[in-house]
Amino acid sequence: MKNLKSAEAVCQGHPDKIADIISDAILDELLRKDPYTRSSIETLITTGLVHVSGELSTDAYVDIPEIVRGTLIEIGYTKPEYGFDGYTAGVITTISDQSPELALGLSGDKAGDTGIVVGYATNETENYMPLACNIANGIVKKIDELRKDDIVPFFRPDGKAVAVVEYDENNKPVRLDSITVLVQHEPYVAEYELKETVIERVIKEVVPEGFIDEKTNIVINPIGRFIIGGPMADTGLTGRKTIADAYGTAAPSGGSAFSGKDPTKVDRSASYMARWIAKHIVAAGLANSCLVELVYVIGTEYPITIDIKTDTNIDKEKLIKKITDLVDLSPSGIIEKLGLRNPIYKMTSSYGHFGKEVEELKWETLDKEIIGELRDA
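Sequential numbering of the sequence shown, starting at -10, is according to the numbering used here.
This is the structure we're talking about:
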């Protein structure tokens, strides 16, 4: 029986991803003006309309309709023939104050929410992500780049990719079992031209050499034409792409969405810290893969449960003790360690929240001192 792991990714113009990007674009603008903003912003998108709702506690003012329209235009919704564009879409806002009970729970070092979070890392790729995630995210990113740079003018904003990778008996990726790509397109392009472009300009550019063989199942736009897409075809909502935002099927989801939430929400900030811990454990050579699980309860200072699962025989309790000695896992400690009061969130909302080796995303930055401490543990 095959050992398979898969991952999904969506283009920026996918309705759910538009909602994520808008929610984080608003959060970034709030944090620029008030780094202590507390927010939970939800965006709903349908034909001709964007509805931004949620709860805020902030001293900042931002023009939400302007941010929404600017984000839609930046994504590429600029033409009326798409059935939805940033110039004409209606924008409704229904923002309320944060509840006083929740605000009380957020004081000091207390967790601002109850939740289970997970972090994962593997040494099968250079950025410590599952290969299927890198392939799926790489494909949709490449499609977006070719479209935005007008290199492939017949690509439209909506799209999706699913990559399925086969592993050997040692849990090492050996081949790409299948890859499915859906690309919204202009009506004038022929089916054969679209498929050839996706294979030559996208798939072959993204998939590492040697992973596609004669048995790899490559599927492009399986139902045929894909002209009507985006919010014209489907409703979008913040937080509906939790698996695409994380690790595919290689690791379980904590169950909570990320976008639109300020860092006092541990279901976001602690997820980033869990990834940081898992990545350091693997980088230290203590495991080939590592899953970190943290459980927080609203109003408490530290996680009530810490669990670390690896593919090696290590002293788990000793490792957990070392981690808690090295890292402050309180909400304020995580925020300080990872610089989470900065406007960095819009860049996380596309192509996954993990695996981007960007200086501002400190949960992806390896600390040589921490690695040394873990090796000596």
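Ideal Cβ positions, reconstructed from N, Cα and C, are used throughout, including at glycine.
Reduced DSSP category for residue i - H, G, I as helix; E, B as strand; rest coil
i, result
"P162", "strand"
"N112", "coil"
"R364", "helix"
"I81", "strand"
"I105", "strand"
"R214", "coil"
"T60", "helix"
"T369", "Since the first and last residues shown for the chain are -10 and 366, residue 369 lies out of range."
"L19", "helix"
"S242", "coil"
"K130", "helix"
"D139", "coil"
"Y71", "helix"
"D5", "helix"
"G237", "helix"
"G65", "coil"
"D13", "helix"
"K99", "coil"
"L355", "coil"
Bridge partner(s) assigned by DSSP for residue i
i, result
"T294", "V284"
"L120", "Its beta-bridge partners do not exist; DSSP assigns none."
"E155", "L(-7), R164"
"D86", "L45"
"A150", "A(-2), V170"
"V316", "Per DSSP, none; premise fails for V316."
"R27", "S46"
"T32", "V41"
"L226", "L33"
"T289", "T289 is not bridged to any residue."
"F144", "H174"
Candidates the options, of which the one nearest residue i by Cα
i, options, result
"F343", "D234, G243, L363, L355", "D234"
"M(-10)", "E155, I323, K149, L315", "E155"
"G75", "A239, S46, T36, L45", "T36"
"K99", "I303, Y291, D365, E182", "Y291"
"L20", "V347, K357, T47", "T47"
"S42", "S12, I64, D138", "S12"
"G361", "D86, A273, S29, I62", "A273"
"L38", "I297, S319, V191, I7", "I7"
"I287", "D300, L280, T253, A366", "T253"
"V(-1)", "D133, K68, T60, A222", "D133"
"E44", "T299, I124, R27, G59", "R27"
"L315", "N277, V57, T231, K357", "K357"
"V195", "K161, R330, L363, I128", "I128"
"E158", "L(-7), S338, A125, G148", "L(-7)"
"K298", "V281, T67, D52", "V281"
"V191", "I217, K131, P320, S278", "K131"
"A222", "S319, P146, Y285", "P146"
"T169", "G148, M336, G244", "G148"
"D102", "L350, F247, Y66", "F247"
"P162", "F215, N277, H174", "N277"
"S339", "A78, D202, A125", "A125"
"C279", "T313, T289, A267", "A267"
"R400", "E189, Y109, Y261, F143", "The requested residue 400 is not part of the displayed model; the chain covers only -10 to 366."
"Y261", "D52, I201, G228, G108", "G108"
"A14", "W352, N331, K204", "N331"
"D251", "L363, P197, L329, C122", "L329"
For residue j and residue i, believed in contact at Cβ under 8 Å, the rounded distance
i, j, result
"V153", "D166", "4 Å"
"A(-4)", "P176", "Contact doesn't hold; Cβ gap of about 30 Å is too wide."
"Y334", "L33", "Their Cβ separation, rounded to whole angstroms, is 19 Å, which puts Y334 and L33 out of contact at 8 Å."
"A240", "V106", "Not quite, the Cβ-Cβ distance comes to about 11 Å (not below 8 Å), so this is no contact."
"I309", "I323", "Not really, about 16 Å apart at Cβ, beyond 8 Å."
"G225", "P4", "3 Å"
"D23", "A49", "4 Å"
"K311", "A366", "4 Å"
"I84", "G249", "Incorrect: roughly 11 Å between the Cβ atoms, too far for contact."
"E346", "N116", "6 Å"
"I64", "I10", "7 Å"
"Y25", "G219", "Wrong, their Cβ atoms sit about 35 Å apart, outside the cutoff."
Residue i CB to nearest heavy atom of the ligand SAM below 6 Å
i, result
"G341", "The model depicted lacks the ligand SAM and carries no ligand whatsoever."
- Task: List in chain order: all unbroken alpha helix (DSSP H) runs of 4+ residues lying wholly within the stretch 172 to 212.
- Result: Those alpha helix (DSSP H) runs which fall completely within the stretch 172 to 212 and span 4+ residues are 180 to 186.
- Message: Runs of 3 residues minimum, wholly inside the stretch 245 to 287: which ones carry the beta strand (DSSP E) assignment?
- Response: Whole beta strand (DSSP E) segments, 3+ residues: 278 to 285.
- Item | Within the stretch 315 to 353, ranges of the alpha helix (DSSP H) (whole runs, at least 4 residues) | As far as the stretch 315 to 353 is concerned, its whole alpha helix (DSSP H) runs of at least 4 residues are 320 to 327.
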